[in-house]
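**Q** One structure coming up, written as structure tokens, with questions to follow.
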Amino acid sequence: MAHEDSPRRRKSLLRKVVDSRILLLMCAPAIVFFVVFNYAPLPGIWIAFTNFNYRDGIFGSPFVGFKNFEFLFKSGQLWMLTRNTILYNLAFIILGNILQIAIAIMLNEIRLKFFRKISQGVMFLPFFISAVLVGVIAFNLLNYDTGALNALIKQTGGDPIKIYSTAGLWPIIIIMVHLWQSTGYGSIVYFAAIMGIDKGLYEAAAIDGASAWQRIRHVTLPSLKPTFIILVLFSLGGIMHGNFGLFWNLVGNNAALFQTTDIIETSVYRMVLSQNNFTTSTAVGLYQSLFGFALVMIANGIVRRINKDYALF
148 MAHEDSPRRR KSLLRKVVDS RILLLMCAPA IVFFVVFNYA PLPGIWIAFT
198 NFNYRDGIFG SPFVGFKNFE FLFKSGQLWM LTRNTILYNL AFIILGNILQ
248 IAIAIMLNEI RLKFFRKISQ GVMFLPFFIS AVLVGVIAFN LLNYDTGALN
298 ALIKQTGGDP IKIYSTAGLW PIIIIMVHLW QSTGYGSIVY FAAIMGIDKG
348 LYEAAAIDGA SAWQRIRHVT LPSLKPTFII LVLFSLGGIM HGNFGLFWNL
398 VGNNAALFQT TDIIETSVYR MVLSQNNFTT STAVGLYQSL FGFALVMIAN
448 GIVRRINKDY ALF
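Letter by letter, the sequence shown follows residues 148 to 460 in the numbering used here.
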């Protein structure tokens, strides 16, 4: 019986592929992208367990086990990099989503469509500004000698601040720059979710005498809860992956700021660039991916226990 069902199943699968050929063709670029950039490089993980050299190649280099990971844990640098990366991303996720929801709600409350479109365009613009240009703008604002901020402080009789030598200021600066650049664009998803809310709910609330704030509190925010949870879960998947372009162009190779600004990506980049150290950098990258995967699984499991409808899988 199983042998008879097998050809039928293969025929049924083939029929589904044929019937869905247009959808599969549309998905082909995304599939090729992930295969080439995510799955094809996976054998390179082996470098993390070897003393890699160009002559012997990836699989011919001497196997050293977990020595590359031992070096990372013993040096103490990995803890600092992990801490900085996670804390920055938590700030980006929490503050970013709160501001995105606030902006989406404010856009929804604007009744003049022309003004709404202008507001959206102005808020989306920073997202398309290059990280290199953002770094140049920040340098011209914060530079000790010629920066606009210190020039203003001098004109008001104050003492200029050595911002590029003060590590404690940079978490605030980096978070503010990130929020300025990404919040407007990130509000698109929440604004779309608001547009999908049944208008009858607002009408019923208005008939019951609910104010604008009460409609936001009791209709809009509860309706955005599923979207918020899903976006946070997606964001947690990249919590160990920092915004390299932002950090590198704002801070660069300034060792005085590494204690509060160095993240995994910038450290790996310096390892490869200055030390030509592929083994340690690959070990850090593998640690980064495994940690992020475990975090997503744990977070999704917690959400699934609370409400299955909000879980990713």
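Cβ atoms here follow ideal geometry from the backbone N, Cα and C, with glycine treated the same way.
#1: Between the region 396 to 411 and the region 160 to 167, can you find at least three pairs of beta-carbon atoms closer than 8 Å?
#2: Buried or exposed: where does L397 fall if 16 or more other Cβ atoms within 10 Å of its Cβ makes it buried?
#3: Inspect the CB distances between the region 282 to 291 and the region 311 to 321 and report whether three or more fall short of 8 Å.
#4: Looking at the structure shown, is D210 part of a helix, part of a strand, or coil, going by DSSP?
#5: Could you check what DSSP says for N447 in three-state terms: helix, strand or coil?
#6: What does the alpha-carbon distance come out to for the pair Q435 and L368?
#7: Determine, using beta carbons only, whether F338 and A251 come nearer to each other than 8 Å.
#8: Rounding to the nearest angstrom, what Cα-Cα distance links L242 and F391 in this structure?
#9: Nearest by alpha-carbon distance to I341: which of L326, W327, K372 is it?
#10: Does the beta-carbon of I321 have 16 or more other beta-carbons within 10 angstroms, so that it is buried, or is it exposed?
#11: What do you reckon, are the CB atoms on T197 and F210 nearer than 8 Å?
#12: Can you tell me the Cβ-Cβ gap for Q361 and F274, rounded? I've got them flagged as a contact below 8 Å.
#13: Have a look at V431 and F180 and give me their C-alpha separation to the nearest angstrom.
#14: Could you round the C-beta distance between H325 and F239 to whole angstroms and report it? I think they count as a contact, below 8 Å.
#15: Would Q247 be called buried (16 or more neighbouring beta carbons within 10 Å of its own) or exposed?
#16: Pull up the distance between the alpha-carbon of I319 and that of G331, whole angstroms please.
#17: Is it buried or exposed for A446, if we count other Cβ within 10 angstroms and need 16 for buried?
#18: According to DSSP, T197 sits in a beta bridge with which residue or residues?
#19: Hey, would you say I192 sits closer than 8 Å to L433, going by beta carbons?
#20: How close, in whole Å, do the beta carbons of G384 and V443 come, if the pair is a contact with beta carbons under 8 Å?
#21: What are the uninterrupted segments assigned as alpha helix (DSSP H) that are 4 or more residues long and contained completely in the region 303 to 389, given in chain order?
**A** With the given structure in hand:
#1: Here the region 160 to 167 does not lie against the region 396 to 411, with fewer than 3 beta-carbon pairs under 8 Å apart.
#2: Under this definition L397 is a buried residue.
#3: Touching, per the Cβ criterion.
#4: The question names Asp, but residue 210 in the sequence shown is Phe. In this structure, F210 counts as strand in the three-state DSSP scheme.
#5: DSSP places N447 in helix when its eight states are reduced to three.
#6: When only Cα atoms are considered, Q435 and L368 end up about 34 Å apart.
#7: Against a cut-off of 8 Å, the Cβ pair of A251 and F338 comes out as a contact.
#8: Each residue's Cα considered, the two are about 19 Å apart.
#9: Closest in C-alpha terms to I341, from the list L326, W327, K372, comes K372.
#10: Buried, by the Cβ-count rule.
#11: Taking 8 Å as the Cβ cut-off, T197 and F210 qualify as a contacting pair.
#12: Separation of the CB atoms of Q361 and F274 is rounded to 32 Å, and the pair is thereby denied contact status at 8 Å.
#13: The alpha-carbon atoms of V431 and F180 are separated by roughly 24 Å.
#14: Confirmed, Cβ separation roughly 6 Å.
#15: Taking all protein chains shown into account, Q247 has 16 or more neighbouring C-beta atoms within 10 Å of its C-beta and is therefore buried.
#16: Cα to Cα, I319 sits roughly 19 Å from G331.
#17: By the 16-neighbour rule on beta-carbons within 10 angstroms, A446 is buried.
#18: DSSP lists F210 as partners of T197.
#19: Yes, these two residues count as a Cβ contact at 8 Å.
#20: Between G384 and V443 a beta carbon distance of about 5 Å is seen, short of the 8 Å cut, so the two are scored as contacting.
#21: Qualifying alpha helix (DSSP H) stretches, in chain order: 317 to 342, 346 to 354, 359 to 362, 368 to 383.
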